[in-house]
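Enquirer:
Protein chains in written order, with the working numbering: chain A, 647 to 902; chain B, 647 to 902; chain C, 647 to 902; chain D, 647 to 902.
#1: DSSP three-state call for residue 912 of chain B: helix, strand or coil?
#2: Quick one: which unbroken beta strand (DSSP E) runs of 3-plus residues sit fully inside the segment 667-735 of chain D? Chain order, please.
#3: So residue 811 of chain B and residue 804 of chain B are in contact, right, with Cβ under 8 Å, and what is the actual spacing, rounded?
#4: Please report the distance separating the alpha-carbon of residue 765 of chain D from that of residue 687 of chain D.
#5: Quick check on DSSP: helix, strand or coil for residue 743 of chain C?
#6: Quick check: the Cα distance between residue 675 of chain A and residue 703 of chain A, rounded to an integer number of angstroms?
#7: Locate the beta strand (DSSP E) running through residue 855 of chain B, then write down its first and last residues.
#8: Cβ atoms of residue 740 of chain A and residue 795 of chain B: under 8 Å apart, would you say?
#9: In the DSSP assignment, what residue or residues form a beta bridge with residue 780 of chain B?
#10: Could you say if the segment 843-859 of chain D and the segment 871-878 of chain D meet the contact criterion of at least three C-beta pairs nearer than 8 Å?
#11: Nearest CA to the CA of residue 852 of chain A: which residue from A:660, A:797 and A:665?
#12: With 8 Å as the C-beta to C-beta threshold (strictly closer), list the residues of the segment 776-809 of chain B near chain A in chain order.
#13: Taking beta-carbon pairs under 9 Å, can you tell me which members of the segment 711-740 of chain D lie near chain F?
#14: Since residue 898 of chain B and residue 715 of chain B should fall inside the 8 Å C-beta cutoff, what is the C-beta to C-beta distance between them, to a whole number of angstroms?
#15: Is there a Cβ of chain C sitting closer than 8 Å to that of residue 756 of chain D, yes or no?
#16: Give a yes or no on whether the minimum CB-CB distance between residue 657 of chain B and chain D is below 8 Å.
#17: What residues from chain C crowd round residue 848 of chain A, counting only those whose CB sits closer than 9 Å?
#18: Examine chain B for any beta-carbon lying closer than 8 Å to the beta-carbon of residue 844 of chain A, and answer yes or no.
#19: Near residue 713 of chain B, what residues of its chain come up, given a Cβ to Cβ distance below 6 Å and the 5 sequence neighbours on each side ignored?
#20: Express the C-alpha separation of residue 658 of chain D and residue 710 of chain C in angstroms, rounding to a whole number.
#21: Which of the three DSSP states, helix, strand or coil, is assigned to residue 764 of chain C?
#22: Run down chain A in chain order and give the residues with a C-beta less than 9 Å from the C-beta of residue 820 of chain B.
#23: At least one CB of chain A closer than 8 Å to the CB of residue 663 of chain C: is that the case?
#24: Is residue 873 of chain C helix, strand or coil when you go by DSSP?
#25: Compute the distance between the beta-carbons of residue 761 of chain A and residue 699 of chain A, then report whether it is under 8 Å.
#26: Below 7 Å on C-beta distance, what does residue 666 of chain C contact in chain A?
#27: Measure the C-alpha to C-alpha separation of residue 746 of chain B and residue 780 of chain B and round it to an integer number of angstroms.
#28: With H, G and I counted as helix, E and B as strand and the rest as coil, what does DSSP make of residue 900 of chain D?
#29: Would a check of beta-carbon distances place residue 761 of chain A closer than 8 Å to chain B?
#30: Using the Cα positions of residue 976 of chain B and residue 767 of chain B, report the straight-line distance between them to the nearest angstrom.
#31: Which first and last residues belong to the alpha helix (DSSP H) in which residue 890 of chain B is found?
#32: Can you tell me whether residue 843 of chain C is helix, strand or coil according to DSSP?
#33: Find out if the Cβ-Cβ distance for the pair residue 882 of chain D, residue 790 of chain D is shorter than 8 Å.
#34: Taking all protein chains shown into account, decide if residue 832 of chain D is buried (16 or more other Cβ within 10 angstroms of its Cβ) or exposed.
#35: To the nearest angstrom, how far is it from the Cα of residue 673 of chain B to the Cα of residue 828 of chain A?
#36: For residue 662 of chain A, does the three-state DSSP call read helix, strand or coil?
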């Protein structure tokens, strides 16, 4: 085409290929979701429908990107693990990041009414994202452990805080009351003052959500193992909780 | 918090700040939009509603990000120019890219029904994006010229192609027929065979869409010049078409 | 060749091309030069021979790299300005940085005996380096001003400090004595206590060294303007000292 | 200091920290060494003194940088492996690259006379360098295998070529003669025509040079294992030649 005079501007597009043979994790975070959750009256400390909508978006990503082998979500964030041998988009960071964030965002709006049939979306939500590389499976385990420990800490705190608030304390009073309390103390407050056994609260709230491909054992002519994307709320903290990883060795094996 | 054991994984997040004092352009492209436009029966070669939906998303970005001073859209792509002094998100490339793509994508779905009231969205669309830096205003002019020249070339070709197809040729026959024809020849085909004067077709189709802040002259107490985001279909190719830039010197002045 | 099995490791070499049309500055710094200067008994606060050796290395770089249009040196550091249109090594940062630092380092040792005929080099000196990009000529002016202002500040301080030390004070006493003094006060100390007029000290000490190509006006058959690399100790702080830049407009013009 | 007006230019220095927990390899290559070796009449195909000078420079780097655990050199190139946990210079790529190349270059000149007592250095040699990251020990093994296989291929070819040239052929005739010959054929040419048993040529020529820390077993009061930097010409191609690595497990263990 006759566009040569200006086409030199393309030379300013610099390559951003990610180091080969390294685990790619894309983490997406709600942008201004405190305001968004208030505007849409999300239940506190956890809105089951909002979390299930997030999970549904994550499933869409695993359906669209075969190289995503695992995803972990909590609150308004989701992490997507690409297998380390992935050659998706020639491992161009911008392309990987932007398509993930874009599909997650559009799916969030698309599926909103499915999870909030009676709440119209007041404005378009948005997410930011980043790409991080990890050299080994051990790092990926530690990354996911980091997120799930964060989930535990934040959820226990928020559960106490909102229980206190619902019982009549102001937010500030509740925060002051909880300041410096240890994990065990928080559980006791919940149990003794409110009869709540923290450990029996819904696993999705306490553990976050794992999205991955589960092997489906069915009689098929091809004898190939089929897999389908599922959501579960498992313990994935390493090295303490290796049960899940031992049961699903293929997820991070990178030779699937 | 007691998350220290795993928190080291955060050290793998490397900085990606963009060079200061440089124009940032984020370009968004529809991902698989050929299929998407067929699935949603977009009119060929241009679907006015689809373009207006794109424009509406671009307006949302200018409303949300004051540092975007100009946007140019054609077909399923949109370019956003951030002023060169922008400190948005400390100029972190991933953050800027991901929030732009995200908001554009969610807004696209959110506003779909406004432009396609009778066509339900069949699946979630997505966009990819990239960030490019340009050192001077002259480069930004050339970048925008590059995109508008591309618009001209593609639109003229597509207009001919689809006119021929609608007249009974197959797509292959039409392509073969157009192969090697010059700009002037294409206009003559349109005019002599179909009575179409290319230059009177809608400017949005021929020139794409410019989104920017127009100064609003009204009597206000503060005496500050107000601006509002508008869409126009102007000639912006430099140095040929300096009229627009001369009329709007503040857009790329970077001291607004 | 039959090296294919292992050749995949080359794919881990990622591109590092610098943004086009941007001024490239390579700054080299002596590594551990406090120790090096003591080991080789450099005169304090300035060793003329050591500075002239640095200048001689800088000249070698301008002789080898036509794209270096200006260099500025002070103490054990040197900055090299590549013209903004330079395509040297396809603008690969590592290649540019490593060859500059390498040639500077090897030349330093090679020419040592020329400047220190009676002092054998006790061990190999080394330099570190970095590459920085600047979008406009104004930034390059500011960069060079930054370095020359630093030269002024440091040299005035060091001149006072070492004059006091040579007069019998300990280093700590001299530092304490100078703490908080302003530029003018320092000059007065030098003049009133030691009869030293700071402004008549050698320009190389006070202003650092500029290395550039001077136009040589001679009757030549080709009528082309010849240039040769020279060292000068000019005032280059902008916008105050524009004299040098006005006299040498071709240096940063980028169309030579 | 009063340098604030211009100090903003420092903000253009962007971070370039390397991914943590990844093996860093710095490879240095002679720049224009064909010309340099001709100017200094290096013996062909291998100049023992030139290689020993290269090795001596590599030893200097291991002496200076404890984090370099292994180096491999062949011809005018040298690769330095930093342990994956290295925090040297906060893993800033430019700093690591530039100091390595600088020290190598200055040492090369410094030690020249030791290896070439009767040949003055005609001009300053220079090297370029690059930094490459590898996620696992297996990649490091493959990287080093890649370089040693290259050494084998090139050295066998060059040995044949220069033997033919010394026997009277022109360089072009020799190249033509060797074109398409396999490894075994080359060995037979050397043996049958010139009585040279390739496998008895000096190991340094055939295998390149490995530089590493050898454990020194001596009776010491501290009972700590001492190590000293040595040069050897070992087989290091994996997985074929694991003998060396099995004998020196601590070199790439990263917990030394």
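For every residue, glycine included, the Cβ atom is placed at its ideal position computed from N, Cα and C.
Expert: According to the data block:
#1: The structure shown has nothing for residue 912 of chain B, since chain B only spans 647 to 902.
#2: 669-676, 714-720 and 723-728
#3: Walking along the second chain from the start, residue 811 of chain B turns up at place 165. Walking along the second chain from the start, residue 804 of chain B turns up at place 158. Not confirmed; about 10 Å, so no contact.
#4: Position 119 of the fourth chain, counted from the start, is the residue given in the question as residue 765 of chain D. Position 41 of the fourth chain, counted from the start, is the residue given in the question as residue 687 of chain D. About 9 Å.
#5: Mapped onto the third chain, residue 743 of chain C falls at position 97. Three-state result, residue 743 of chain C: helix.
#6: Mapped onto the first chain, residue 675 of chain A falls at position 29. Mapped onto the first chain, residue 703 of chain A falls at position 57. Roughly 13 Å between the two C-alpha positions.
#7: As a working mapping, residue 855 of chain B is identified with position 209 in the second chain. Its beta strand (DSSP E) spans residues 855-862.
#8: What you label residue 795 of chain B is simply residue 149 of the second chain in a count that begins at 1. What you label residue 740 of chain A is simply residue 94 of the first chain in a count that begins at 1. Against a cut-off of 8 Å, the Cβ pair of residue 740 of chain A and residue 795 of chain B comes out as no contact.
#9: Your numbering for residue 780 of chain B matches position 134 in the second chain. DSSP lists B:669 as partners of residue 780 of chain B.
#10: yes
#11: Position 206 of the first chain, counted from the first residue, corresponds to residue 852 of chain A. For the residues A:660, A:797 and A:665, the minimum Cα distance to residue 852 of chain A belongs to A:797.
#12: 776, 777, 778, 779, 780, 785, 788, 789, 791, 792, 795, 796 and 799
#13: In the displayed structure, chain F is absent; the protein chains listed are A, B, C and D.
#14: Start at 1 with the first residue of the second chain, and residue 898 of chain B comes out as number 252. Start at 1 with the first residue of the second chain, and residue 715 of chain B comes out as number 69. Right, the Cβ-Cβ distance comes to about 7 Å (below 8 Å), so this counts as a contact.
#15: Here the question's residue 756 of chain D lines up with position 110 in the fourth chain. So yes, residue 756 of chain D belongs to the interface.
#16: Your numbering for residue 657 of chain B matches position 11 in the second chain. Closer than 8 Å to some Cβ of chain D, the Cβ of residue 657 of chain B qualifies, so yes.
#17: Mapped onto the first chain, residue 848 of chain A falls at position 202. Going along chain C, no residue has its Cβ under 9 Å from residue 848 of chain A, so there is no contact; the nearest lies around 44 Å.
#18: Within the first chain, numbered from 1, the residue matching residue 844 of chain A stands at position 198. Not one chain B Cβ lies under 8 Å of residue 844 of chain A.
#19: Here residue 713 of chain B corresponds to residue number 67 of the second chain, with the count starting at 1. The residues are 728, 729, 732 and 734.
#20: Sequence index remark: in the third chain, residue 710 of chain C carries index 64 (1-based). Sequence index remark: in the fourth chain, residue 658 of chain D carries index 12 (1-based). Straight-line Cα distance between these residues: approximately 27 Å.
#21: Position 118 of the third chain, counting from 1, holds the residue named residue 764 of chain C. Coil.
#22: In the second chain, residue 820 of chain B corresponds to position 174, counting from 1. Near residue 820 of chain B there are no residues of chain A at all, since even the closest Cβ is about 18 Å away, more than 9 Å.
#23: If you number the third chain from 1, residue 663 of chain C lands on position 17. Residue 663 of chain C counts as touching chain A.
#24: Position 227 of the third chain, counted from the first residue, corresponds to residue 873 of chain C. Here residue 873 of chain C sits in strand by DSSP.
#25: The residue you call residue 761 of chain A lines up with position 115 of the first chain. The residue you call residue 699 of chain A lines up with position 53 of the first chain. Yes.
#26: Start at 1 with the first residue of the third chain, and residue 666 of chain C comes out as number 20. Under the 7 Å cutoff, chain A gives 657 and 658.
#27: Here the question's residue 746 of chain B lines up with position 100 in the second chain. Here the question's residue 780 of chain B lines up with position 134 in the second chain. About 18 Å.
#28: Position 254 of the fourth chain, counted from the first residue, corresponds to residue 900 of chain D. Of the three classes helix, strand and coil, the one that applies to residue 900 of chain D here is coil, per DSSP.
#29: The residue you call residue 761 of chain A lines up with position 115 of the first chain. False, the Cβ-Cβ gap to chain B never drops below 8 Å.
#30: This structure does not reach residue 976 of chain B, given that chain B is present from 647 up to 902, and the question cannot be answered.
#31: Residue mapping note: residue 890 of chain B aligns to position 244 of the second chain, counting from 1. Start and end: 889-893.
#32: Walking along the third chain from the start, residue 843 of chain C turns up at place 197. Coil.
#33: Here residue 882 of chain D corresponds to residue number 236 of the fourth chain, with the count starting at 1. Here residue 790 of chain D corresponds to residue number 144 of the fourth chain, with the count starting at 1. Cβ atoms of residue 882 of chain D and residue 790 of chain D: closer than 8 Å.
#34: On the fourth chain, position 186 is the one that residue 832 of chain D refers to. Answer is buried; the Cβ neighbour count reaches 16.
#35: Walking along the second chain from the start, residue 673 of chain B turns up at place 27. Walking along the first chain from the start, residue 828 of chain A turns up at place 182. About 48 Å.
#36: For the purposes of this step, residue 662 of chain A is taken as residue 16 along the first chain, with counting starting at 1. Reduced to three states, the DSSP call for residue 662 of chain A is coil.
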